[in-house]
Structure formats: structure tokens, C-alpha cells
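Oh and the sequence shown: position 68 is 314 in the numbering used here, straight run, nothing missing.
Working notes, structure below.
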Amino acid sequence: MELKTVLVDNPQGLNLILGHSHFIKTVEDLHEAIFNAVPGAKFGLAFCEASDVCLIRYSGTDPELVALAQKNAMSIGAGHSFIIFLRDMYPLNILGAIRAVPEVCRIYCATANPVEVIVAQTQQGRGILGVVDGFSPKGIEGDADIAKRKAFLRTVGYKA
């Protein structure tokens, strides 16, 4: 077994969701879940098929995001993993819907941070062991940091 780190290519710093599922139906069900949660959603998703012809299956509403998802799915190359890129919305808007898809087994991360995917390479294929999402903490927040955090959440409409 060999351990590898795969950097997610995300040049625009878009929000993304990386997860694991278990069936080819995942692509259509994720598409429907996202679009039903946020009508008019702009997204691209790709899924790594883990048996039969082992293709990257894909869908989405934004061709640029679909291409980005395809490229990253191919780079990660872990069976039954999926990646979704979002434009003009946060993962928070759709995570409940994604988790409710029966095929979804796990969400590794939902972020706009730089992401490194830790994969194990065996003779059979690749599996995701975990992710490095963003950077390590630099300290504990102070009063000014708390005020800034609370103001941000109200500015973007997640708190009243």
C-alpha cells in the first residue's frame, strides 16, 4: 500500500463537497437533491464508478463546474467517491439534502478552503483515508474575533 496526497484543483476558491456513496444512481440522485434544495443552483458533480467499466459519471448545471469536478474526480480516483463544486451558494444550503440521498455513506468535507485528499493506493485501486481542510489554528479567538464572526454570520443572512 502507498499513501498519496492529492491537492484538489480549485483555482477560483469555490465551495465544494467531497463525499462517498455506493451506487451508480448517485449521480442523478445528487443532481435532483441539489436542484430541489436550491432551484436554479449552479453546480457540477462527478462520481468515480468502482465496478464494471469504472467511469467518471457526471452531471450539473454549469459546464465549467462539471469540467472541474470531472478533473478532480479523475485526480482523486477513489472508488465511489464524489465531488461537487458550487457557485454562488454555500454547502450549508444543500448538505441536508445531500445527506438524505440514500446512496451517500459519508461526507469528508464541505469547504472553500484548500483541500488535500489523503488516499491509499493498493493493487485494487484507491480509497480516501481523510482530508486536510484548510490550515492549522494559529490561536484562540479574542473578543474582536468573536464580534467579527458574529457580524459576518448576520451579513450573509445565517443569523438574525
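All C-beta atoms, glycine included, are put in the ideal place defined by N, C-alpha and C.
Since this is a predicted model, take the numbers as computed values, not measurements.
Identity of the residues DSSP links to residue i by a beta bridge
{"i": "Ser-321", "result": "DSSP lists no partner for Ser-321."}
{"i": "Tyr-304", "result": "Ala-292"}
{"i": "Asn-261", "result": "Leu-332"}
{"i": "Cys-355", "result": "Leu-264"}
{"i": "Ala-283", "result": "In DSSP, Ala-283 forms no bridge with anything."}
{"i": "Gly-373", "result": "Ala-366"}
{"i": "Ser-297", "result": "In the DSSP output, where bridge partners are listed per residue, Ser-297 has none listed."}
Residue i (DSSP reduced to helix, strand or coil)
{"i": "Ala-313", "result": "helix"}
{"i": "Asp-391", "result": "helix"}
{"i": "Lys-250", "result": "strand"}
{"i": "His-277", "result": "helix"}
{"i": "Gly-342", "result": "helix"}
Contacting residues, own chain, Cβ-Cβ under 7 Å from residue i (five flanking each side not counted)
{"i": "Lys-250", "result": "Val-365 and Gln-367"}
{"i": "Ile-270", "result": "Glu-295 and Arg-303"}
Close Cβ partners of residue i (< 8 Å) along its chain, the five nearest in sequence each way excluded
{"i": "Thr-357", "result": "Asn-261, Leu-262, Pro-337, Asp-379 and Gly-380"}
Candidates the options, of which the one nearest residue i by Cα
{"i": "Leu-276", "options": "Lys-405, Lys-288 and Ser-305", "result": "Ser-305"}
{"i": "Gly-376", "options": "Val-363, Pro-348, Thr-307 and Asp-391", "result": "Val-363"}
{"i": "Gln-370", "options": "His-268, Ile-340 and Gly-323", "result": "Gly-323"}
{"i": "Leu-253", "options": "Ile-340, Ile-386, Asn-359 and Asn-282", "result": "Asn-359"}
{"i": "Phe-281", "options": "Val-299, Val-347 and Pro-257", "result": "Val-347"}
{"i": "Gly-286", "options": "Ile-386, Gly-373 and Asp-334", "result": "Asp-334"}
{"i": "Gly-403", "options": "Asp-391, Asn-339, Arg-352 and Asp-389", "result": "Asn-339"}
{"i": "Phe-331", "options": "Cys-351, Lys-405, Glu-274 and Gln-258", "result": "Gln-258"}
{"i": "His-268", "options": "Ile-302, Leu-341, Lys-396 and Val-350", "result": "Val-350"}
Residues near residue i in its chain [Cβ-Cβ closer than 6 Å; skip 5 each side]
{"i": "Leu-264", "result": "Ile-329, Tyr-354 and Cys-355"}
{"i": "Ala-343", "result": "Ala-279 and Ala-283"}
{"i": "Arg-372", "result": "Gly-323, Ala-324 and Val-365"}
{"i": "Val-312", "result": "Gly-290, Tyr-304 and Gly-306"}
> Pairing CB atoms from the segment 315 to 328 with CB atoms from the segment 288 to 305, are three or more of them under 8 Å?
Replying inline: yes
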